[in-house]
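Asks:
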Amino acid sequence: MDETVAEYIRRTLLKIPRDEIKMMLQKWGFLSEAQLQTLNFHQIKDNISQEVVQLCEENSADIKQAAALDIIYNHIYQNKRMWSVYQMKKSGEELEYFDITDFKKRFKGRLRSALKNVTITFKEYEDNAIWIRVAWGTPYKKPNQYKPSYVVYHSQTPYVFISASVLKSNMPLLCQALIVASNYHDIREMELRSHSLNSLKDIVFKRYSQNFQTYTPKPLEGRNVELENADIRMVHENRSEKERIHRLNQEVFGCGPQPKLEFAQYRLETMFKSDPKMDVLDKKEPFRCLVKFSSPHLLESLKSLAPAGMADAPLSPLLTCIPHRARNYFKIREKKGLFPGSFVSP
Amino acid sequence: ENVDPQKTAFLLRKAWTLYSVTPLYGFRRARLRDYARLLSAFIAAEKQKGLAVEVGVELDIKVALSSLADLRGSELDQAALLVQLSSRSRASSRSSEDKLVWSGWFCSVFGDDLSENVPENFTCLPLFLTHGAESYTSLVGSWFQKTFDCCFRRLAISPLNLSWMVAMWAGCKLDRAASAVELVFSMPRLSQPLDISYAIHPEDAKALWDTVQKTPGEITQEEVDVFMDCLYAHFHRHFKIHLSAAKLVKVSTAVASAHCDGIVKILQSQYLPGVLMLLTELAISQIQ
Numbered sequence: 001m002d003e004t005v006a007e008y009i010r011r012t013l014l015k016i017p018r019d020e021i022k023m024m025l026q027k028w029g030f031l032s033e034a035q036l037q038t039l040n041f042h043q044i045k046d047n048i049s050q051e052v053v054q055l056c057e058e059n060s061a062d063i064k065q066a067a068a069l070d071i072i073y074n075h076i077y078q079n080k081r082m083w084s085v086y087q088m089k090k091s092g093e094e095l096e097y098f099d100i101t102d103f104k105k106r107f108k109g110r111l112r113s114a115l116k117n118v119t120i121t122f123k124e125y126e127d128n129a130i131w132i133r134v135a136w137g138t139p140y141k142k143p144n145q146y147k148p149s150y151v152v153y154h155s156q157t158p159y160v161f162i163s164a165s166v167l168k169s170n171m172p173l174l175c176q177a178l179i180v181a182s183n184y185h186d187i188r189e190m191e192l193r194s195h196s197l198n199s200l201k202d203i204v205f206k207r208y209s210q211n212f213q214t215y216t217p218k219p220l221e222g223r224n225v226e227l228e229n230a231d232i233r234m235v236h237e238n239r240s241e242k243e244r245i246h247r248l249n250q251e252v253f254g255c256g257p258q259p260k261l262e263f264a265q266y267r268l269e270t271m272f273k274s275d276p277k278m279d280v281l282d283k284k285e286p287f288r289c290l291v292k293f294s295s296p297h298l299l300e301s302l303k304s305l306a307p308a309g310m311a312d313a314p315l316s317p318l319l320t321c322i323p324h325r326a327r328n329y330f331k332i333r334e335k336k337g338l339f340p341g342s343f344v345s346p
Numbered sequence: 347e348n349v350d351p352q353k354t355a356f357l358l359r360k361a362w363t364l365y366s367v368t369p370l371y372g373f374r375r376a377r378l379r380d381y382a383r384l385l386s387a388f389i390a391a392e393k394q395k396g397l398a399v400e401v402g403v404e405l406d407i408k409v410a411l412s413s414l415a416d417l418r419g420s421e422l423d424q425a426a427l428l429v430q431l432s433s434r435s436r437a438s439s440r441s442s443e444d445k446l447v448w449s450g451w452f453c454s455v456f457g458d459d460l461s462e463n464v465p466e467n468f469t470c471l472p473l474f475l476t477h478g479a480e481s482y483t484s485l486v487g488s489w490f491q492k493t494f495d496c497c498f499r500r501l502a503i504s505p506l507n508l509s510w511m512v513a514m515w516a517g518c519k520l521d522r523a524a525s526a527v528e529l530v531f532s533m534p535r536l537s538q539p540l541d542i543s544y545a546i547h548p549e550d551a552k553a554l555w556d557t558v559q560k561t562p563g564e565i566t567q568e569e570v571d572v573f574m575d576c577l578y579a580h581f582h583r584h585f586k587i588h589l590s591a592a593k594l595v596k597v598s599t600a601v602a603s604a605h606c607d608g609i610v611k612i613l614q615s616q617y618l619p620g621v622l623m624l625l626t627e628l629a630i631s632q633i634q
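Listed in order, the protein sequences are those of chains P and G. Read in order, the letters of the first sequence correspond to residues 1 to 346 in this note's numbering. Read in order, the letters of the second sequence correspond to residues 347 to 634 in this note's numbering.
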């Protein structure tokens with residue numbers, strides 16, 4: 001077995017928490033059940049990895065198997081990576097039958113014709129997700145297995161989720177290979193990024209509970225509105241204000257759980273407007289700002305702002321549009337003409 | 347007031363943790379070398395007692411104390427006092443292998459409010475800044491406390507003071523391409539924590555401040571409030587969020603940055619006295 005393969009397998013194993021190693025080796029299926037029985041999973045990870053590498057040596061593991069183990073690890077720990085979303089475009093409306101073998105062949109062909117030194121690994125999952133791992137080399141160097149790119153493609157959709165390696169120069173080639181393989185004619189990066197791959201899927205596949213613009217909520221009589229920490233001493237005006245905020249929040253965010261995003265960024269190029277009495281800045285040029293919101297669960301925290309009294313209800317559409325516009329990076333400019341107070345986001 | 351940029355270069359671009367210090371009793375400028383020896387012995391003794399700073403690493407700590415005559419506001423201020431801890435690995439026999447592991451300095455810039463009212467034999471250096479491991483800060487602090495009967499307290503910076511800083515620093519004139527004027531807020535009491543970074547192009551922030559400030563060289567609380575209100579209003583117009591209800595935790599400009607936990611980074615030597623004067627003031631109000 002190649003030394004570099006052995007080392008790569010060893011390092012991949014060290015990343016796995018000790019009590020998950022057995023399960024992952026079983027998923028991998030490269031070692032037999034009998035071989036797995038010989039392993040002592042109660043020793044320190046260093047020793048476990050050494051023993052596993054020993055067994056891999058017996059089975060003559062090569063880079064293909066090592067890459068397969070890496071995909072399994074990254075599938076389970078997908079949230080450790082930052083994912084970007086790309087959308088592919090078809091020229092016509094033809095619904096073609098998707099053939100996975102064709103896809104793989106064309107993908108590999110396109111990549112290999114441009115770059116001899118690549119390691120390409122595929123794995124299909126139950127939810128129709130095709131995981132692709134690509135390790136990149138150069139015409140003179142073998143692929144760097146430690147900085148691969150991961151692609152997740154749901155064949156029934158035009159969306160691709162990519163966690164690029166640091167080597168961004170390979171992106172154009174990767175994108176090309178994807179459209180060639182899947183029979184699309186163009187691909188563009190969406191302004192949508194997150195660590196939570198499932199949340200990105202929820203957003204683009206519209207799998208979260210949404211607010212539909214045409215929905216008119218039924219009046220609240222007969223329905224008990226559950227208010228958190230309802231204070232009996234609350235005066236009626238306060239209570240109806242709280243109910244109003246709660247209802248507006250529901251309309252805008254929906255009732256179900258929000259997709260999990262960690263940040264949203266807004267590049268503002270709008271005018272600074274102030275009360276003329278204040279006698280301050282009155283420039284004809286934009287007041288340039290960069291605003292970044294961060295949270296372990298951004299949409300949930302935005303949803304809680306109005307009820308906490310930190311924001312008006314309804315919250316600004318700049319924030320509430322994030323899921324249904326499927327983006328968390330925005331550039332906001334002043335809308336010219338009829339409504340000087342409104343914004344345009346290209 | 348003219349500070350030699352060469353001598354103060356070490357202060358720039360480092361994150362300093364701030365403390366207020368009560369006046370030192372019986373401190374003698376002439377005895378710096380003695381103090382250095384005593385502090386060195388103290389640190390060695392603490393390590394012997396098992397309160398080792400670095401476990402498993404054999405390090406001799408060398409202490410150097412020096413005065414920085416230029417670092418003061420006026421002749422009424424005491425010259426700044428610099429304490430430096432260097433390590434020399436016992437394994438290496440070459441004497442030129444000293445590595446600076448910790449620095450701290452005491453200073454007073456226009457600290458007359460304090461020194462005016464203090465009896466003889468007390469030295470006023472109310473601001474203490476440290477850079478390096480907390481464990482060393484502890485050792486140095488304990489020795490000063492024992493030797494000069496003084497008291498150290500972490501200097502927190504309130505949102506009010508942070509807004510003064512950002513208004514002042516946003517208005518500073520800078521020749522090179524400056525970095526953004528950034529305010530970082532944290533929203534308390536939410537189910538999921540939320541942080542907001544609001545960064546303004548430095549030219550636009552300065553233009554706003556210039557129209558707010560009525561008298562050059564003078565800043566009033568009212569002007570700072572107007573400046574902040576303008577920023578809050580612009581933000582609210584877009585996001586409908588009341589930043590005034592959030593906690594301002596950090597401000598950052600091309601001149602300096604400051605964090606509410608009492609951590610400051612100074613980036614421009616020409617504004618060093620101004621920043622130190624403000625911090626001295628904060629330290630003094632914490633002592634009094």
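Every residue gets a Cβ at the ideal spot worked out from N, C-alpha and C, and that includes glycine.
Does DSSP put P:F263 in a helix, a strand or coil?
Replies: Strand at P:F263.
Asks: Closest Cβ-Cβ distance between P:E300 and chain C: below 8 Å?
Replies: Protein chains P and G are contained in the structure displayed, whereas chain C is not.
Asks: Counting pairs of Cβ atoms below 8 Å between the stretch 467-480 of chain G and the stretch 523-530 of chain G, do you hit three or more?
Replies: Judged by Cβ distances under 8 Å, the stretch 467-480 of chain G makes no contact with the stretch 523-530 of chain G, as fewer than three pairs qualify.
Asks: So the alpha helix (DSSP H) G:F490 belongs to, where does it begin and stop?
Replies: Where G:F490 is concerned, the enclosing alpha helix (DSSP H) stretches over E480 to F494.
Asks: Could you compute how far the alpha carbon of P:A164 sits from the alpha carbon of P:P257?
Replies: Spanning the two alpha carbons is a distance of roughly 28 Å.
Asks: If you run the structure through DSSP and keep just helix, strand and coil, what is G:Q614?
Replies: Of the three classes helix, strand and coil, the one that applies to G:Q614 here is coil, per DSSP.
Asks: Among P:K22, P:S301, P:R110 and P:K273, which has the Cα closest to the Cα of P:P172?
Replies: Here the closest residue by C-alpha is P:R110.
Asks: Taking P:K206 as the reference, which of P:Y77, P:P314, P:I48 and P:P259 has the closest Cα?
Replies: That would be P:P259, whose Cα lies nearest to the Cα of P:K206.
Asks: Taking C-alpha atoms, which residue in P:A264, P:F263, P:K284 and P:Y266 lies nearest to P:K273?
Replies: Ranking P:A264, P:F263, P:K284 and P:Y266 by Cα distance to P:K273 puts P:K284 first.
Asks: Which term fits G:C497, buried or exposed, when burial requires 16 or more other beta carbons within 10 angstroms of its beta carbon?
Replies: Under this definition G:C497 is an exposed residue.
Asks: Out of curiosity, what's the CA-to-CA distance linking P:N59 and P:L69?
Replies: If you take the alpha carbons of P:N59 and P:L69, they lie about 15 Å apart.
Asks: Please confirm if P:P296 has its CB atom under 8 Å from at least one CB of chain G.
Replies: It does; some Cβ of chain G falls within 8 Å.
Asks: Could you name the residues of chain G that P:C175 contacts, counting a contact when the two beta carbons are closer than 8 Å?
Replies: In chain order: nothing, as chain G lies at least about 31 Å away.
Asks: State the Cα-Cα distance for the pair P:F98 and P:S155, rounded to the nearest angstrom.
Replies: If I take the Cα positions, the gap works out to 7 Å.
Asks: According to DSSP, is P:R193 helix, strand or coil?
Replies: Reduced to three states, the DSSP call for P:R193 is strand.
Asks: Less than 8 Å between CB atoms is the rule here; does P:T216 satisfy it with respect to chain G?
Replies: Note that P:T216 has pLDDT 43, beneath the 50 cutoff, so the model's placement of it is unreliable and the number below is only indicative. Cβ-Cβ to chain G under 8 Å: no for P:T216.
Asks: Given a limit of 7 Å on CB to CB distance, which residues of the stretch 349-383 of chain G reach chain P?
Replies: Those residues of the stretch 349-383 of chain G that come within reach of chain P (Cβ to Cβ, closer than 7 Å) do not exist; the list is empty.
Asks: Let me know if P:Y146 comes out buried or exposed under the rule of 16 or more other beta-carbons within 10 Å of its beta-carbon.
Replies: P:Y146 is exposed by the Cβ-count criterion.
Asks: With a threshold of 6 Å on Cβ separation, who are the neighbours of P:R267 within its own chain once the five nearest residues in sequence on each side are excluded?
Replies: Around P:R267: L290 and K331.
Asks: Let me check you understand the geometry: is the CB of G:C606 closer than 7 Å to at least one non-hydrogen atom of the ligand GTP?
Replies: Absence of the ligand GTP is noted for the structure shown, with no ligands found whatsoever.
Asks: Kindly list the residues whose CB is nearer than 6 Å to the CB of P:L248, restricted to its own chain and excluding five residues on each side of it in sequence; keep chain order.
Replies: Only A313 and P314 meet the Cβ criterion.
Asks: What are the boundary residues of the alpha helix (DSSP H) that G:D541 is part of?
Replies: Per DSSP, G:D541 belongs to no alpha helix (DSSP H); it is in the beta strand (DSSP E), L540 to I546.
Asks: Evaluate the contact criterion for the stretch 24-37 of chain P versus the stretch 48-57 of chain P: three or more CB pairs, one atom per stretch, below 8 Å.
Replies: Touching, per the Cβ criterion.
Asks: For P:T214 and P:E334, I'd like the C-alpha separation in whole angstroms.
Replies: Here P:T214 scores only 40 on pLDDT, less than 50, and its place in the model should not be relied on; the value that follows carries that caveat. Roughly 27 Å separates the two Cα atoms.
Asks: I need the straight-line Cα distance from P:P148 to G:F581, nearest angstrom please.
Replies: Taking the straight line joining both Cα atoms gives about 40 Å.
Asks: Anything in the stretch 535-569 of chain G with a Cβ closer than 7 Å to a Cβ of chain P? List those residues in chain order, please.
Replies: Here the close residues are R535, L536, S537, Q538, P539, L540, D541, I542, S543, Y544, A545, I546, H547, D550, A553, L554, T557 and V558.
Asks: What is the residue span of the alpha helix (DSSP H) that G:L357 lies within?
Replies: Counting along the chain, G:L357 falls outside any alpha helix (DSSP H), and DSSP gives it neither H nor E.
Asks: Please confirm if the stretch 182-190 of chain P is in contact with the stretch 297-316 of chain P, defined as three or more CB-CB distances below 8 Å between the two stretches.
Replies: No, because fewer than three Cβ pairs between the stretch 182-190 of chain P and the stretch 297-316 of chain P fall closer than 8 Å, the two stretches do not touch.
Asks: Taking only beta-carbon atoms, is G:A600 less than 8 Å away from chain P?
Replies: Chain P contact via Cβ: absent.
Asks: Is the Cβ of G:K586 closer than 8 Å to any Cβ of chain P?
Replies: Closer than 8 Å to some Cβ of chain P, the Cβ of G:K586 qualifies, so yes.
Asks: Would you identify the three-state DSSP class for G:C518, choosing helix, strand or coil?
Replies: Coil.
Asks: Would you say P:K292 faces chain G, with C-beta separation under 8 Å as the test?
Replies: At least one chain G Cβ lies under 8 Å of P:K292.
Asks: Starting from the C-beta of P:A177, find all residues in its chain whose C-beta is less than 7 Å away, skip the five residues before and the five after it, and write them out in chain order.
Replies: So the qualifying residues of the chain are F107, R110 and L111.
Asks: Can you list, in chain order, the residues of its chain with a C-beta nearer than 6 Å to that of G:L417? Leave out the 5 residues immediately preceding and following it.
Replies: Contacts found: A426 and C453.
Asks: Answer yes or no: does any C-beta atom of chain P fall closer than 8 Å to that of G:M533?
Replies: G:M533 counts as touching chain P.
Asks: Roughly how many angstroms separate the alpha carbons of G:V572 and G:K596, rounded to a whole number?
Replies: Their Cα atoms are separated by approximately 19 Å.
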